[in-house]
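So the structure is just underneath, and the comments pick up after that.
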Amino acid sequence: MPVKEVSVTAEADSLRVEAPALPIYDVIIIGSGFGGSVSALRLCETFKEKGREAGDGKPVLLLERGQDWWGNLTGTPVQAPPFCNYRQPDGRAGWLTNVEPFGTPTANPPLEGEVLNFNNPTGYAQRPIAVAPGLVETIANPQYGYTMTAIVGAALGGTSHVYNTFFQKPSKLAFTLAFRDPETLESYDDVLLHYDDLKDHYKTVADMMQPHPIDAPENVVSTSLPSDIVLPDQQVIPAGTEISYNLLNSDPYLSTRSFVEQVQAIEQYCKTNPGKTPILETAMEYTLLALDWGVVCREVEANMLPSATIGEMWYGMNSYSETTVSGKTELMGVKKALDQNYLKQAHDTGLLDIQCLSQVTNVYQDPISSADNPVYVVQVNRLSATNSNNPSPLTFRAKNIIFSAGSMHTAPMLLEYSNNPNPEAPQINGLPALSAYVGEFWGQNGDVTGTQEMSCRTRPSDGGPGSADASFYFVKDPSLHTDDVPETDLKAAFYASINYMKTNHAAPFIRIMLYPAWFDEADNIQNTYNMAICYQPAPGKFEQVENPIGGRKTFTLYYPDTPHGGVTGLPEGADVNVGVLDSVEALSTTLSAWCAINTNPKATLASRRSGPLSYRGPLPIVKSSRFLSWQGQGLLKTNGVEQFVVAYGITAHPLGGCVIGKACDKYGRLKSATGDVVKGLYVVDGSLVPGSTGACTPAWTIAAVAEHCLMEIKKDIVQ
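So the sequence shown is numbered by full-length UniProt numbering: it starts at 1 and just counts up by one.
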């Protein structure tokens, strides 16, 4: 690969230790989640269009700390499914940890008090595992009292191997509220990014990921009748007859059908009884999932060991399809993870060098290079898949660096590398002084969890990875069913939403997503993962760690504690828009109406839970577990009561830290302390998003933002 000539200062040259010349990549991408994968494909495509051939050397290097779990892009295809599971966790479950990332509650906690503290072994039982570069990393911060824990993935394809494959796109109003400037939250005119900027990119991502709902007509289960069936007209269908039906109607998805039935009851009640609840409108949908539903059908048909249908998600799904490539059989996971689409297409150009198990430890500018023609040095620890004790140090060089390490890592890396000495020139820092906005405006997408005790059967631990969601609106959204909204109407709805949040200390709408419970002690439990837009969607920031090991400056997340008692529990004059309180209030309001409308005192259930209701998900609810219960007019002792709890302090959707239009320009170019663009440094991942993707899972929006950024970044990098 050609090396660009750079100027050499006498001072820097005197400090330089001679070493064998390293090739200089055109670009190094750190991380392979949605941002990194989009970057890899669009850059490789552009290099190919410009005439770059594979024999000329690969211009793009992708560094990924995690493993190529299915092995198909690194020449090591697996012969059996690669993941462990909830029931038998091992070192594959967690990232360099000696206990599994999640756990199981040890007892039914009381409705009040400090309960379900993931960091307290009396609340959760975490089984010991071997320390290895496993799939899931949980990040909590004791320095600030465990106010928030984030879940991220470590894999070639990033969190696409961990997430539930939900693909959700916000309405135009929700998008506009999500991309407010964190410094002028009530200004429509200061919005950082507009829905129309991404409209076409959303379609591009959908065409690539191919998400589909459970009720798609091709999702068909076939089976043979085990015995004769006598119809009401006495006609007999003999045993052995082949019958087919939609996957939605299969036994594991009773939870989906129960969810839909109850949402429809709420929708009908609100239409016929306007003003009786705060809910103005309800929108239910079968969620688009980037999932191979054909494999799920095989699970239901007992032609594949169950994984999706029994709720296995976070530690990876082991069900798969098979394909033949160059005479070799490859297993393709049921999740349409990024190694099956964006990364595969980038790999197939022949221009992408993929280095897995490569944990970046430092990035600095080569001191003999200039600001106008920088060369960056990336130091890496090469890990072993089975032994984490003796990593091998490696060094790479590039003209450009794209940080796509995810919201929990990109900002801390940039802060660390720009605030510590350059290893080759200790009198200067490794990277130029960066914008004061680097590390600011972090949020958790308004995530809260709910557990409900229903007055209908649900099969709560089945029916994964989730298949339906419903949004509940407390304000009118003119863009709910169409993107073609007059700006005057959109602007009016924007300010109505701001007013609702300030007046009610609650989100103007919330999305409730069904997903399987962690364990199943009754047949009427419903677990939901929920997202809303808070008045302050990004109140977190990355701050310097106190007393760092070795004296090197490092940075960790600060997130304000959400008050246990809600608005009424705050002292006079306190900021009521803190933490994730707006989401908690919106979910509590919605589930109160849900329970009131759906309670059936005559319900008969096969099994009943004993003890107080508590959160039933796998997620490590850490600090602020606010529990509410609805008891329904004295029906507590009947079979039909519906109750709920709301818990928070966890997110699988970390966002922000290098926000677009603040720490970066409108296309992810990193800014310096003076506000100028730093040549050769870019951010393309969820760090660009200011704390929320509009009451939706972030994957689709992050990928669309990445597509938006690469439209310009590729012009900078590919000359």
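In this text, a Cβ means the ideal position worked out from N, Cα and C, and glycines have one as well.
- Between the C-alpha atoms of residue 296 and residue 587 there is a straight-line separation of about 31 angstroms.
- For residue 209, the enclosing alpha helix (DSSP H) stretches over residues 195–209.
- Here the C-alpha atom of residue 475 lies approximately 26 angstroms from the C-alpha atom of residue 643.
- Judged by DSSP secondary structure, residue 553 falls outside any beta strand (DSSP E); it is assigned neither H nor E.
- Boundaries around residue 394 are those of the beta strand (DSSP E), 392–398, since no alpha helix (DSSP H) includes it.
- A contact is defined here as three or more CB-CB pairs under 8 angstroms, and the stretch 353–363 meets this definition with respect to the stretch 375–385.
- In the DSSP assignment, residue 136 falls within the unbroken beta strand (DSSP E) covering 136–139.
- Boundaries for residue 42: no beta strand (DSSP E) harbours it, while the alpha helix (DSSP H) harbouring it runs 34–49, taken from the DSSP string.
- Looking at the DSSP output, residue 335 bridges to 291.
- Between residue 442 and residue 541 a beta carbon distance of about 6 angstroms is seen, short of the 8 angstroms cut, so the two are scored as contacting.
- In the three-state scheme derived from DSSP, where H, G and I count as helix and E and B as strand, residue 167 is classed as strand.
- In the structure shown, residue 70 adopts coil according to DSSP, grouped into three states.
- Here the alpha carbon of residue 463 sits roughly 14 angstroms from the alpha carbon of residue 524.
- Counting along the chain, the unbroken alpha helix (DSSP H) around residue 500 starts and ends at 487–504.
- With the rule of 3 Cβ pairs closer than 8 angstroms, the stretch 543–559 does not count as touching the stretch 487–500.
- When DSSP states are grouped into helix, strand and coil, residue 421 belongs to the strand group.
- Using a Cβ distance threshold of 7 angstroms, residue 92 and residue 153 do not count as a contacting pair.
- CA-to-CA, the gap between residue 421 and residue 85 works out to about 43 angstroms.
- Here residue 219 has 246, 247, 293, 297 as same chain residues with Cβ atoms under 7 angstroms from its own Cβ, once five neighbours each way along the sequence are excluded.
- Scanning its chain for C-beta atoms nearer than 6 angstroms, with the 5 sequence neighbours on each side dropped, one finds around residue 151 the residues 138, 652, in chain order.
- Taking the CA atoms as reference points, residue 252 sits about 9 angstroms from residue 458.
- Counting along the chain, residue 582 sits inside the alpha helix (DSSP H) bounded by residues 581–598.
- Taking 8 angstroms as the upper bound for CB-CB distance, residue 27 and residue 399 are in contact here, some 7 angstroms apart.
- For residue 676 and residue 199, the gap between their C-alpha atoms comes out near 28 angstroms.
- Between residue 437 and residue 659, the beta carbon gap of about 7 angstroms places them in contact (Cβ cut-off 8 angstroms).
- Here the alpha carbons of residue 407 and residue 709 stand approximately 16 angstroms from one another.
- Counting along the chain, no beta strand (DSSP E) covers residue 269; the unbroken alpha helix (DSSP H) around it starts and ends at 254–272.
- Distance check between residue 384 and each of 355, 704, 396, 367 places 355 closest, using alpha-carbon atoms only.
- Of the other Cβ atoms in all chains shown, fewer than 16 fall within 10 Å of the Cβ of residue 203; this residue is therefore exposed.
- Annotation: residue 301 to residue 70 spans about 24 angstroms, alpha carbon to alpha carbon.
- Linking residue 255 to residue 391 through their CA atoms gives a straight-line distance of about 45 angstroms.
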